[in-house]
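Protein sequences, first through last, are from chains W and E.
The opening residue of the first sequence carries number 113 in the working numbering; numbering runs sequentially from there.
The opening residue of the second sequence carries number 2 in the working numbering; numbering runs sequentially from there.
The structure appears below as structure tokens.
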Amino acid sequence: MNDAVVWLSTTWLSSHMRDLKWMWPTCETLHFIGLSLLIGGAGVFDLRLMGFMRRLPIAALKAFMPYAIAGFAINLTTGVAFFVMMPAQYAFSITWYAKLFFIIVAGLNAMLFETTLGSRVLTLGADEDTPMSFKIVGAVSLFSWFAVLYCGRMLPYLGTGN
Amino acid sequence: MAFFAWLQHTGLAMWIVQSDSIWAYPSILTAHTVGLALLVGAASIIDLRLLGVAPAIPVAQFDGLFRFVWAGFYVNLVSGLLLFASEAADKAAQPMFMLKLALIAGALVATIRLRREAFAAGGPPEPSPHARRYAVTSLALWAAAITAGRLMAYVK
Chain W
113 MNDAVVWLST TWLSSHMRDL KWMWPTCETL HFIGLSLLIG GAGVFDLRLM GFMRRLPIAA
173 LKAFMPYAIA GFAINLTTGV AFFVMMPAQY AFSITWYAKL FFIIVAGLNA MLFETTLGSR
233 VLTLGADEDT PMSFKIVGAV SLFSWFAVLY CGRMLPYLGT GN
Chain E
2 MAFFAWLQHT GLAMWIVQSD SIWAYPSILT AHTVGLALLV GAASIIDLRL LGVAPAIPVA
62 QFDGLFRFVW AGFYVNLVSG LLLFASEAAD KAAQPMFMLK LALIAGALVA TIRLRREAFA
122 AGGPPEPSPH ARRYAVTSLA LWAAAITAGR LMAYVK
């Protein structure tokens, strides 16, 4: 892994991205805007799945999903850019692997919901409580996204081996 | 400026900067990011609804989201004051920090006005052009406040 990290950090792309002084701050700013969109869109849906804010009809809330997905896409892109610029800061950090783990949990959880439970959403009206399966999916998603945020923000301070 | 120098040298401010504890600077910074996610996340959903997303849901039913906007705001007011105290003399003299505060003030005014305009009892079911302008202003100012906040680390 050491070799791969050294190789990546010495590639033309990595060194040229690092040389652009505005690249890192710009990616950081976009990463924070992306996380707001993602947590806003996913969070309101998760809370409704958990049975809170029942005045909001679940099926119609899906209209916000493209914005949450756009937030995720922004953060995936800028996240890859961070890794390309400073691979050693991530590849040797336990906190970064924890972050990836929670992204995968949130993703699999969302896929599970879409493929098995999602169609039942359409039968639920406004003001109706959600079944236990929905509550679990919503809680797992909400917890995972905040865990992703926590690991990301704590990355420079936690589990770096220093 | 003597006040900011004093503030920066209080026991609490010194602890935030100097402690190796994960509960000092790192956790306060993380709380500031959690607050940001709550505040701007909830505000964006409200703004997007006013701009025409999810038209099937009446605007009034999003009123419950304002509690997350305010919860996020207070988390960030407290964590922000702690972060400010730890570097008070520098931050008080930093133009980028003043810009960030001004942008937050503008975004708060837009948020309060749009709530009055679009969420008043007995108001129109669909947002007025006024309310939509506040929604655009709110989105733009929160994004600008995030940008200024990030740039505080780079533009001294």
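Where a beta carbon is used, it is the ideal one built from N, C-alpha and C, also for glycine.
Owing to the predicted nature of the structure, the values given are computational and were not obtained by experimental measurement.
For P27(E), which residues in chain W fall below 9 Å Cβ to Cβ?
R265, M266, P268, Y269 and L270
Mind checking if T138(E) is an interface residue toward chain W, Cβ cutoff 8 Å exclusive?
no
Cβ neighbours of L30(E) in the same chain (closer than 8 Å, five flanking residues each side left out)
S80 and L84
Only counting the same chain, and skipping five residues up and downstream in sequence, which positions put a Cβ closer than 8 Å to that of V60(E)?
R50, L51, A119, F120, P126, E127 and P128
Please look up how many angstroms separate the CB atoms of A55(E) and A172(W), rounded, as I've assumed it's under 8 Å.
5 Å
Which residues in the same chain as V233(W) place their Cβ atom closer than 6 Å to its Cβ, once the five residues preceding and following it in sequence are excluded?
I170 and A171
Under DSSP, the alpha helix (DSSP H) around Y135(E) begins and ends at which residues?
P130 to L152
Would the C-beta of L37(E) count as close to the ligand ZN, meaning under 7 Å from any of its heavy atoms?
Absence of the ligand ZN is noted for the structure shown, with no ligands found whatsoever.
Close beta carbons around V41(E), own chain, < 6 Å, minus the five adjacent residues each side:
W143
What three-state label does DSSP hand T235(W) in the structure shown?
helix
Can you give me the Cβ contacts of G155(W) inside the same chain, cut-off strictly under 8 Å, excluding the 5 residues immediately before and after it?
L254 and W257
Short of 8 Å in beta carbon distance, which residues of its chain neighbour N274(W), apart from the five on each side in sequence? Order them along the chain.
For N274(W), the predicted structure reports a pLDDT of 48, less than 50, and the residue's modelled location is therefore unreliable. A value from the coordinates is still provided. Hits under 8 Å: none found.
If I follow the unbroken alpha helix (DSSP H) through G155(W), where does it start and stop?
M135 to L161
Mapping DSSP to helix, strand and coil, what is E226(W)?
helix
Less than 8 Å between CB atoms is the rule here; does W175(W) satisfy it with respect to chain E?
Position check: residue 175(W) holds Ala in this sequence, whereas Trp was assumed. Answer yes: the Cβ-Cβ gap between A175(W) and chain E drops below 8 Å somewhere.
Straight-line gap, M177(W) to G107(E) (C-alpha atoms, nearest Å):
28 Å
Check the Cβ-Cβ distances between G81(E) and every residue of chain W, and say whether any is below 8 Å.
no
With a threshold of 8 Å between beta carbons, is L142(E) in contact with chain W?
no
Looking at C-beta atoms only, is the number of pairs between the region 197–211 of chain W and the region 264–274 of chain W that lie closer than 8 Å three or more?
yes
Same chain, Cβ closer than 6 Å to T190(W), neighbours up to 5 away in sequence not counted
C139, L142 and H143
I'd like to know whether the C-beta atoms of L168(W) and G250(W) end up nearer to each other than 8 Å.
no
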